[in-house]
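Quick note: to get this note's numbering, add 13 to the position in the sequence shown (first position is 1).
Think of the CB as a built atom: it goes at the ideal place given N, C-alpha and C, for glycine as much as any other residue.
Remember, it's a predicted structure, so these values are computed and weren't measured experimentally.
A short worksheet on the structure shown next.
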Amino acid sequence: MTRTFSSRFADLLGIRYPIVQEGLGPYKTVRLAAAVSEAGGLGTVSMPGMTDPDGPKVLRGYIEECCALTDRPFAVNVPVGKDSTGTVLPFSAAYVGAVVDAVRDPEIARRLRMITTSAGAPGVVRDLIAGSGLIHAHKVGGTRQAVRAQADGVDVIVASGYEAGGHTHSRPVHTMVLGPSVCAAVDVPVVLAGGIHDGAGVAAALALGADAVALGTRFVASHDNTDWHPAYAQKIIDTAEGDDVVFAAVYGPSRALNTPALAELAVLEETLDVAALTAWKDDRLIRGQRDGEMEAGILPAGNVSGAITDLIHVAEFVPALVEEAIAVLEGLAGRVRATTEERNP
Ligand SMILES: Cc1cc2nc3c(=O)[nH]c(=O)nc-3n(C[C@H](O)[C@H](O)[C@H](O)COP(=O)(O)O)c2cc1C
Numbered sequence: 014m015t016r017t018f019s020s021r022f023a024d025l026l027g028i029r030y031p032i033v034q035e036g037l038g039p040y041k042t043v044r045l046a047a048a049v050s051e052a053g054g055l056g057t058v059s060m061p062g063m064t065d066p067d068g069p070k071v072l073r074g075y076i077e078e079c080c081a082l083t084d085r086p087f088a089v090n091v092p093v094g095k096d097s098t099g100t101v102l103p104f105s106a107a108y109v110g111a112v113v114d115a116v117r118d119p120e121i122a123r124r125l126r127m128i129t130t131s132a133g134a135p136g137v138v139r140d141l142i143a144g145s146g147l148i149h150a151h152k153v154g155g156t157r158q159a160v161r162a163q164a165d166g167v168d169v170i171v172a173s174g175y176e177a178g179g180h181t182h183s184r185p186v187h188t189m190v191l192g193p194s195v196c197a198a199v200d201v202p203v204v205l206a207g208g209i210h211d212g213a214g215v216a217a218a219l220a221l222g223a224d225a226v227a228l229g230t231r232f233v234a235s236h237d238n239t240d241w242h243p244a245y246a247q248k249i250i251d252t253a254e255g256d257d258v259v260f261a262a263v264y265g266p267s268r269a270l271n272t273p274a275l276a277e278l279a280v281l282e283e284t285l286d287v288a289a290l291t292a293w294k295d296d297r298l299i300r301g302q303r304d305g306e307m308e309a310g311i312l313p314a315g316n317v318s319g320a321i322t323d324l325i326h327v328a329e330f331v332p333a334l335v336e337e338a339i340a341v342l343e344g345l346a347g348r349v350r351a352t353t354e355e356r357n358p
């Protein structure tokens, strides 16, 4: 039996390892989520996108599919942000309703334990979730948002630093600064995300006060990837340190690999209206992530891409990540003792 460490988050969820695979929409990530949960972490099923009128029904299908693949706890992610005009995303409430409805089935409720809302304020959907039996996590990029989310009644804060892949935050606060600040400001368990890919990162997150870690980009570059084109996963591996940028995506700033598509976008931003730009970005995201067009496509991914050098097998990766973190912490304890010795008696 591999080792793990105690964690309020793992106890709350009933999982062995406090390792979360985060929402990676609009790709369903059902197989990936089941693989992470089977490995002892917490997988997350992602939502199908914000424009499909049948989306809530599709999401229910994803949830049932995940239940067929694992008996272990898993989560669902629903962004509840606002669009560029300030309107709350129209499908957010419908998606949250579909998740709440799903856990009325006791067989689903046994496995679907957590909903992670992201992007906006959780208060918008808090009343829908309260009383459902679901653990409510909300993702934030700042300490004030974390305090507000706790006051709104959420059970868990996911604090994600600016280096995170995909939609990031309008104010650039990185994981190393955000982690201790959020952990000191709230009492509920904190899951730290953004830039984590190895045991040293997990050990650092624990030292910053986190109860668990969440990874996104690392799980895209995986043998368990059935959602994205393999060239996209390979591109994450090939990306050099610092070859990622933040651009104005459809729902705010987003971090992606620095492909030629983003240079094209910078020119188009001068001429196209909002609707045409949105259509262009949606098309280029699909061409990059689904179709594997590495030049023309937009490829959301984190700053951590520069440190990722291989494809992982999830079943081995999750326990190994925790074991590596424990080894790092034990090694540190040894180093701390060594430096307290008298050097010049
Ligand atoms: C391809 C991709 C898609 C993402 N989609 C979502 C999403 O639908 N909802 C969400 O809350 N976050 C989304 N994120 C952010 C992740 O959930 C997570 O917070 C982030 O990847 C963590 O940082 P890391 O990439 O450095 O591990 C996405 C990230 C990536 C890389």
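is_contact[residue i, chain C] using C-beta, thresh 7 angstroms
| i | result |
| --- | --- |
| G192 | Of the protein chains in the structure, only one exists, and it is not chain C. |
Own chain, CB closer than 7 angstroms to residue i, minus 5 neighbours either side, in chain order
| i | result |
| --- | --- |
| A198 | T156, A159, V160 |
| V186 | G154, G155, G174, Y175 |
| G110 | P69, L141 |
| Y75 | K41, V43, V58 |
| C196 | V203, L221, G222, A223 |
| E306 | R300 |
| A143 | G166 |
| A115 | R73, I76, I121, L125 |
Cβ-heavy atom distance, residue i to ligand 1, below 6 angstroms
| i | result |
| --- | --- |
| L228 | yes |
| P92 | yes |
| S267 | no |
| L102 | no |
| S131 | yes |
| V116 | no |
| E35 | yes |
| A217 | no |
| S183 | no |
| S105 | no |
| A162 | no |
| S19 | no |
| P31 | no |
| A159 | no |
| G178 | yes |
| A206 | yes |
| A314 | yes |
| G155 | no |
| V190 | no |
| S194 | no |
| S145 | no |
| G319 | no |
Residue from the options whose Cα sits closest to the Cα of residue i
| i | options | result |
| --- | --- | --- |
| E254 | I321, W241, L334 | I321 |
| H151 | A206, A115, S183 | A206 |
| E329 | F18, A23, I32, D24 | I32 |
| A23 | H210, P313, L55 | L55 |
| I250 | D323, G94, Q163 | D323 |
| L298 | V58, Y245, V204, V71 | Y245 |
| T291 | A338, K248, F260, G212 | F260 |
| S267 | A223, T181, V331 | T181 |
| V258 | T272, K248, Q247 | T272 |
| A164 | A276, T64, A172, R139 | R139 |
| I121 | L147, K248, A279 | L147 |
| A2 | Q247, D168, R21, A276 | Residue 2 falls outside the range modelled here, since the chain spans only 14 to 358, and no answer is possible. |
| I325 | L278, S318, S235 | S235 |
| G36 | R184, G166, A143, G178 | G178 |
| E277 | E308, D256, T252 | E308 |
| L270 | E282, Y264, D256, V287 | D256 |
| V263 | G53, L102, R29, S50 | L102 |
Residue i - partner residues in DSSP beta bridges
| i | result |
| --- | --- |
| T156 | DSSP, once it has assigned bridges, lists no residue as partnering T156. |
| D257 | L270 |
| V91 | T130 |
| L26 | DSSP lists no partner for L26. |
| A206 | S173, A227 |
As assigned by DSSP and simplified to three states, the class of residue i
| i | result |
| --- | --- |
| P266 | strand |
| L125 | strand |
| A225 | strand |
| T322 | coil |
| I361 | The shown model of the chain, from 14 to 358, leaves out residue 361, and the question about it has no answer. |
| S59 | coil |
| I148 | strand |
| S235 | strand |
| V33 | strand |
| P119 | helix |
| P313 | strand |
Own chain, CB closer than 6 angstroms to residue i, minus 5 neighbours either side, in chain order
| i | result |
| --- | --- |
| D237 | L45, A48, V327 |
| S131 | P92, K152 |
| L221 | G192, P193 |
| D240 | Y40, T42 |
| T15 | P332, E336 |
| G301 | G310, I311, L312 |
| A218 | L205, V226 |
8 angstroms Cβ shell around residue i - same chain, five flanking residues per side excluded
| i | result |
| --- | --- |
| A107 | G68, P69 |
| A340 | G212 |
| H210 | L228, T230, R231, V317, A320, I321 |
| L345 | A216 |
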